[in-house]
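Colleague: Note that the working numbering numbers the sequence shown so that position 42 is 24, with each residue one more than the last.
Can you keep this structure in mind? I'll have questions shortly.
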Amino acid sequence: TMVAHAIDVVARAGKFARVERVTCAIDCGLALHPDNVVAQTQGCIFDGLAAALDGNIELRDGKVRQQFFGTYAEFRLDRQPQIDIHIVPNDNRPGGVGEAAIPGVAPALCNAIYAATGERIRRLPVRLRDT
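Structure, rendered in structure tokens:
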């Protein structure tokens, strides 16, 4: 399965402000259930943005501070950008969808921030106060 992302971000005063849109193309072979492919890919993008923007595990005194979801900064629905999914049409053998769309989100986001601000992101997670 092959996946490509293009991300549009909004910058204010030369700083990254928010993710506006994520466009994704996925070639998973013959998509037997296209709606499921779209739903799974949207979820992967959401998880990828959560990890890239907010996902941080902190250690203090040798213990993880984020013990449950209530103490973990999760990406919230009110910050979700427009997400456009394009399934590459073909008759190849069906492939997996699973988490294929997660790994490319952070690099696409960092490149979009660079294109909008001229600033390279060198570490994750990207936080508004860090840019």
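From the three backbone atoms N, C-alpha and C, an ideal C-beta is built for every residue, glycine too.
(1) Expressed to the nearest angstrom, what Euclidean distance is found between the alpha-carbon atoms of P16 and P63?
(2) Mapping the DSSP letters down to three states, classify N93 as helix, strand or coil.
(3) Going by DSSP, which residues form a beta bridge with C6?
(4) Per DSSP, V46 forms a beta bridge with which residues?
(5) Let me know the secondary structure DSSP gives R105 once reduced to three states.
(6) Quick one, which of T(-17), I27, A7 and A21 has its alpha-carbon nearest L91's?
Modeller: Answer, in terms of the structure:
(1) Approximately 21 Å between the Cα atoms of the pair.
(2) When DSSP states are grouped into helix, strand and coil, N93 belongs to the helix group.
(3) BP columns for C6 point to H(-13) and I67.
(4) In the DSSP assignment, V46 forms a beta bridge with L41.
(5) Of the three classes helix, strand and coil, the one that applies to R105 here is coil, per DSSP.
(6) Comparing Cα-Cα distances from L91 to each of T(-17), I27, A7 and A21, the minimum goes to I27.
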